[in-house]
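Chemist:
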Amino acid sequence: MPSPTPSIADSKAHIDQVDVLQTHELMKKHPRIIFYTFLANCGSLLFGYDVLVQGAITALPAFSIYFGSPYGEIMILPALWQGLWQAFNSLGIMVGATCNGALQDRFGRKYMFAVAGIVAASAAALAFVSGDMSTVDVRRGVLLLSKFVLGIGMGIVMSTCQTYVAEISPARLRTILLGLYPFLIISTDAGVIQCVGQMIAVSVVFSGVMDFSKSAFRIPFAGQWAFSGFAVIVTLIVPESPIHLASKQKDEQARRSLQRLHGSSTDVAPLLHLIQTTIEQERSQSTDLNQIGYTECFKSTDLRRTRIVALLNTLQQLIGVSLVANSTYFFIMSGMNPTQSLTINQIGVGLSMVGTFISWFIMARFGRRVTILTGFAVAVLIFIAMGVAGFFPHDPKALKFIGVAVLLVALTSNLSVGSAYPIVSAEIPSVRLRAKTLGLGFFVNAFMSWVLNFTVPYMFTADQGNLGGKTGFVFAATCIIGFTFSWLEIPETKDISYAHIDYLFKKGTRTRTFKKEVRAINGLARNGDP
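Mapped onto full-length UniProt numbering, the consecutive letters of the sequence shown carry residue numbers 1 to 530.
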């Protein structure tokens, strides 16, 4: 199979010029892209905020009063309802993300931000009034409906965010720009401990720990409106993806979009040519040029790419973020009081923000694959130690260590798997199938979140498994599984153009030799060889 180099010959001068720039020089060269990337990550803020609210709010005494059931002399939240709330949120994400692939290809990337914001605002309204219902069953049911509707909005906005950022980012800035997704979410549910949204959420929830009225949980629910409104505003500001426009043969609009992204003084003709060439190369592999459905994701080399994206979207659950997501209630069931529980949670979110930031430099230096594998190896050791501590439930030192272990898992995840997986997920799909493949990835992500978040409360809740710290042994096993499949399936994609990624998959390059093949291609290109 010929190298992709001849296909981009007309763009080679521009590519060579960009290739010699350092990362900080590239960031100075592309301030508009960085700005639009920040705006596009509104979905990360919404997701991170809601996921932490979903977990942290269970530590509020007022929430247990209105939504809980008596258990001896205290009020607890039944494991069934905790699981259902998590499950219906994940189910909504599955619906939203799956439908969004086709919607993005039909209507464009930017307009789906507004759709997601409107859906999420409706869900926030349902959650806000849930505490006003007359009986506890009705209150739980209304909150359940809000979780499902919010999940639809989250599925739309998350998959749109990753698709959009992947399509506007220069290859050597993808680590940082796609890395903003986990940094801004710091979520412990469907994917990453994505930070700013969670830091806001845990601060809002913490302020209500001594409030026993409905306001304690209504204020965090109302906070969702701010992020929903922001998503609508983003639609009015960001340019449409030039790749989407070029795929619709709207070349003049694509040129104007590139001009907005790169500046009016930049010659965008080479960039537009490269986009058009990549799209045409992929179309030449399709048997039906007029109809691109989800079935295309499961044909030829795209099947392998879809499989890798699906695997990547399971990794956060395998490294134990479902336990971290429920850590506030997990700590309470382990013997801590609500104030201690939320304090540790807030510390964990702060550490996660630092970890995600550091991970950008780790991935830039060592690559995605090594970062993911190392993260799983470290997490196995932490979970085994936590499991051992679980055999001493009445020892204060053991209890403190369990809290520290959960913090270390959150930090490890953000240093590795949590930050790397959304980046690689966005890089692996082909250009013409990216929206649909990422939609399928988020479907798998949400399904795994549903399964784990439904079962994890049963592991440690007092009226069910009551495993306590011994839950660590369960996740030590899942980390070993994650390490094994990552070793077999996930290739290195650091600093590789989409044209070269296409070439490597079409060639059938083995997972562990991607890096070597890219070096060979780059050597040919620099020497001017065909």
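Built from N, CA and C at the ideal position, the CB exists for glycine as well.
Whether or not the stretch 392-406 and the stretch 443-463 are in contact is what I'm after, with contact meaning three or more pairs of Cβ atoms, one per stretch, closer than 8 Å; do they touch?
Modeler: Too few Cβ pairs lie closer than 8 Å, so no.
Chemist: Return helix, strand or coil for serine 327, following the three-state DSSP convention.
Modeler: Reduced to three states, the DSSP call for serine 327 is helix.
Chemist: Looking at the secondary structure, which residues open and close the beta strand (DSSP E) in which serine 69 lies?
Modeler: Counting along the chain, the beta strand (DSSP E) containing serine 69 begins and ends at 69-71.
Chemist: Is the separation between the beta-carbon of phenylalanine 447 and that of serine 90 shorter than 8 Å?
Modeler: In contact: phenylalanine 447 and serine 90 (Cβ atoms closer than 8 Å).
Chemist: For glycine 131, count neighbouring Cβ atoms within 10 angstroms of its own Cβ and tell me buried if that reaches 16, exposed if not.
Modeler: Buried: at least 16 other Cβ atoms inside 10 Å.
Chemist: So glycine 153 and glycine 96 are in contact, right, with Cβ under 8 Å, and what is the actual spacing, rounded?
Modeler: With 8 Å as the limit, glycine 153 and glycine 96 qualify as a contact, their Cβ atoms being about 6 Å apart.
Chemist: Given this structure, state the Cα-to-Cα distance separating isoleucine 358 from glycine 320, to the nearest angstrom.
Modeler: Distance between the alpha carbons of isoleucine 358 and glycine 320 is about 20 Å.
Chemist: I need the straight-line Cα distance from threonine 163 to methionine 112, nearest angstrom please.
Modeler: Their backbone Cα atoms lie some 11 Å apart in a straight line.
Chemist: CB-CB under 8 Å to asparagine 527, same chain, minus the five flanking residues each way: which ones, in chain order?
Modeler: With a pLDDT of 42 at asparagine 527, under the threshold of 50, the modelled position of that residue is not reliable, and the figure given next carries that caveat. Once the five neighbours on either side are set aside, asparagine 527 has no close Cβ partner at all.
Chemist: Count the CB pairs spanning the stretch 67-86 and the stretch 252-271 that are closer than 8 Å, and state whether there are at least three.
Modeler: No, the stretch 67-86 is not in contact with the stretch 252-271.
Chemist: Which same chain residues, not among the five before or five after arginine 510, have their C-beta less than 6 Å away from its C-beta?
Modeler: Around arginine 510: no qualifying Cβ.
Chemist: Quick one: what does DSSP say isoleucine 362 is sitting in, helix, strand or coil?
Modeler: Three-state result, isoleucine 362: helix.
Chemist: How big is the Cα-Cα spacing for valine 404 and isoleucine 362?
Modeler: Those two C-alpha atoms are separated by around 23 Å.
Chemist: Only counting the same chain, and skipping five residues up and downstream in sequence, which positions put a Cβ closer than 8 Å to that of alanine 13?
Modeler: In this predicted model, alanine 13 has a pLDDT of only 44, less than 50, meaning its place in the structure is not dependable; the value taken from the coordinates is given anyway. Pro270.
Chemist: Please confirm whether glutamate 25 and arginine 109 have their CB atoms less than 8 Å apart.
Modeler: No. Outside cutoff.
Chemist: Consult DSSP for lysine 12 and reduce its assignment to one of helix, strand or coil.
Modeler: With a pLDDT of only 45 at lysine 12, under 50, the local geometry of the prediction cannot be trusted, and the value read off the model is given with reservation. Lysine 12 falls in the helix class under three-state DSSP.
Chemist: Could you check the C-alpha separation between glycine 191 and proline 422 for me, to the nearest Å?
Modeler: Any reading at glycine 191 is ruled out, since the residue's pLDDT is 35, under 50, leaving its predicted position unreliable.
Chemist: Helix, strand or coil, according to DSSP, for isoleucine 490 in the structure here?
Modeler: Correct three-state label for isoleucine 490: coil.
Chemist: Tell me which residue opens and which closes the alpha helix (DSSP H) that isoleucine 219 is part of.
Modeler: Element bounds for isoleucine 219: 215-222.
Chemist: Would glycine 468 be called buried (16 or more neighbouring beta carbons within 10 Å of its own) or exposed?
Modeler: Classification for glycine 468: buried.
Chemist: I'd like to know if the stretch 271-282 and the stretch 430-441 are in contact, where contact means that at least 3 CB-CB pairs between them fall below 8 Å.
Modeler: They touch, by the three-pair rule.
Chemist: If distances are taken between C-alpha atoms only, which option among Gly141, Lys147, Asn326 comes closest to glutamine 224?
Modeler: When each option's Cα is compared against that of glutamine 224, the closest is Lys147.
Chemist: Look at the Cβ atom of asparagine 326, then the Cβ atom of alanine 87, and state whether they are nearer than 8 Å.
Modeler: No; because the gap between Cβ atoms is not below 8 Å, this pair is not in contact.
Chemist: Please return the same chain residues whose Cβ sits closer than 8 Å to the Cβ of serine 486, not counting the five positions on each side in sequence.
Modeler: The residues are Leu311, Leu315, Arg369, Ile372, Leu373, Phe376.
Chemist: Classify isoleucine 243 as helix, strand or coil using the three-state DSSP reduction.
Modeler: It is helical.
Chemist: Please give me, in chain order, every unbroken run of the alpha helix (DSSP H) with length at least 4 that falls completely inside the stretch 244-313.
Modeler: Runs found: 251-262, 269-283, 300-312.
Chemist: Taking serine 264 as the reference, which of Arg32, Lys506, Ile243, Arg218 has the closest Cα?
Modeler: When only C-alpha atoms are compared, the closest one is Arg32.
Chemist: Quick one: what's methionine 75 bridged to in DSSP?
Modeler: Methionine 75 is bridged to Pro70.
Chemist: Excluding five sequence neighbours on each side, which residues of the same chain lie with their C-beta closer than 8 Å to the C-beta of alanine 426?
Modeler: These residues qualify, in order along the chain: Gln162, Thr163, Val165, Ala166, Arg174, Leu178, Arg434, Leu438.
Chemist: Helix, strand or coil for proline 170, going by three-state DSSP, please let me know.
Modeler: Coil at proline 170, not helix or strand.
Chemist: Exposed or buried, isoleucine 237, counting other C-beta atoms within 10 Å across all chains shown (16 or more means buried)?
Modeler: Isoleucine 237 should be labelled exposed.
Chemist: So, glycine 387 versus phenylalanine 473, is the Cβ gap smaller than 8 Å?
Modeler: Closer than 8 Å, so yes.
Chemist: Do serine 322 and valine 406 come within 8 Å of each other at the CB atom, strictly closer than that value?
Modeler: The answer is no: Cβ separation not under 8 Å.
Chemist: According to DSSP, is aspartate 105 part of a helix, a strand, or is it coil?
Modeler: In the structure shown, aspartate 105 sits in a helix (DSSP, three-state: H, G or I).
Chemist: By the 10 Å Cβ neighbour count, where 16 or more other Cβ atoms means buried, how is aspartate 267 classified, buried or exposed?
Modeler: When all chains shown are included, aspartate 267 counts as exposed.
Chemist: Whole angstroms are fine: how far does the CA of threonine 98 sit from the CA of glycine 293?
Modeler: Using only the alpha carbons, I get a separation of about 12 Å.
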